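Reading through the structure tokens given below for one structure.
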Amino acid sequence: FAEEAIAAANLKPGATVLDVACGPGTLALKLAQHADKVHGIDFSEAMLAVFRNKIEQAGHRNIALHCGDAQTLPYADATFDAAFSLFGLMFFPDRKQGFAEIYRTLKPGGSIAITSWASVDQSPAMQTMFGAMRAIKPDLPQPQRSVTTLENPERFKQEMEEAGFRNIEIRSVTKAFPVGSTDEFWNHMVKGSAPIQMMKKGLGEELWREKEKLALAWLEETLPTLKGPLTSDAWLGVGVK
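With this note's numbering applied, the sequence shown covers 15 to 255.
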């Protein structure tokens, strides 16, 4: 989904950009090839440690990282030419504040590109992920469709409008994930999934290593029954300040 978000932002040469809830750098590393300066912020020091390793390996000199609350951004008004959040802002306790802070730190005319998962029932990949999570925590509730989250495109557009953005579009994006081996599929999900990261953090490293075996066993049994690549649907919200 990173390529679609970057293309939608229509970056100009010399751009300074922000990646909100940047995690291990999936988007920001790609942004570094298109922007003059990339700032990434995330609440997880563990995620940022992984990201710093990747930066060092890639030899990037134009990425700056900050550990902190993205609902209170540590940047001056009108700093960025574009701002992004891939499957991050959708989980904020206060999305209104999250959108407001992005708006504040964007330059006039700056662009925003935000992704949110669509409803789980539209996404075989997400259904499989939650099945594996329930192997770890059997009482985990089945995700339900919600009209009050960003999985609802009308709500998505409304929240962007209320923050002050204009020229808003909410686009549907579908990606196919090759299943590969059980370990490959699970590692891909663990790295890119905020719900799994929150579960891992709540359990602690030692207990997680034990519980993770339950998810892998469930996937070992389930993945061979699935036909072809798993698809995942998301919404991409774009607009300008």
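Note that beta-carbon positions come from the ideal geometry of N, C-alpha and C, so glycine has one too.
Computed from a prediction, not measured in an experiment: that's the story for all the values here.
LEU120 counts as buried, since at least 16 other C-beta atoms from the protein chains shown sit within 10 angstroms of its C-beta. Checking the DSSP bridge columns, you'll see SER246 partnered with LYS189. For GLU165, the secondary structure class from DSSP, reduced to helix, strand or coil, is coil. Spatial neighbours of GLU59 in its own chain (CB-CB distance under 7 Å, excluding positions within 5 residues in sequence) are listed in chain order as CYS81. The Cβ-Cβ distance between ALA42 and ALA29 does not fall below 8 Å.
Here LYS225 is near ILE150, since their CB atoms are less than 8 Å apart. Around the beta carbon of MET212, fewer than 16 other beta carbons lie within 10 angstroms, which makes this residue exposed. Just measuring C-alpha positions, the residue of VAL34, VAL193, LEU221, ILE182 sitting nearest PRO238 is VAL193. By the Cβ neighbour-count rule, PRO155 is exposed, with fewer than 16 other Cβ atoms within 10 Å of its own. In this model, GLU173 and ARG180 are separated by some 11 Å (Cα to Cα). Distances from the CA of SER246 to each of GLU198, THR236, THR188, THR162 were compared; the closest alpha carbon is that of THR188.
Ranked by Cα distance from ALA84, the first of PHE57, THR40, LEU62 is PHE57. DSSP, read as helix, strand or coil, puts ALA78 in strand. Taken atom to atom, the span from the alpha-carbon of LEU62 to that of VAL34 is near 12 Å. Judged by beta-carbon spacing, ALA139 lies beyond the 8 Å limit of PHE105, meaning their Cβ atoms are not closer than that value. Within the stretch 87-133, the runs of alpha helix (DSSP H) that reach at least 4 residues and sit entirely inside it are, in chain order, 109-119. In this structure, DSSP gives ARG159 a state outside helix and strand, which the three-state scheme calls coil. In this model, VAL204 and THR196 are separated by some 12 Å (Cα to Cα).
Remark: C-beta atoms of SER130 and LEU164 approach each other more closely than 8 Å. When the beta-carbon positions are compared, ALA97 and LEU32 come within less than 8 Å of each other. By the neighbour-count criterion, in which 16 or more other beta carbons inside 10 Å mark a residue as buried, ASN201 falls on the exposed side. In this structure, the alpha-carbon of ALA21 lies about 17 Å from that of GLY39.
The beta carbon of VAL64 lies closer than 7 Å to those of PRO38 in the same chain, with the five residues before and after it left out.
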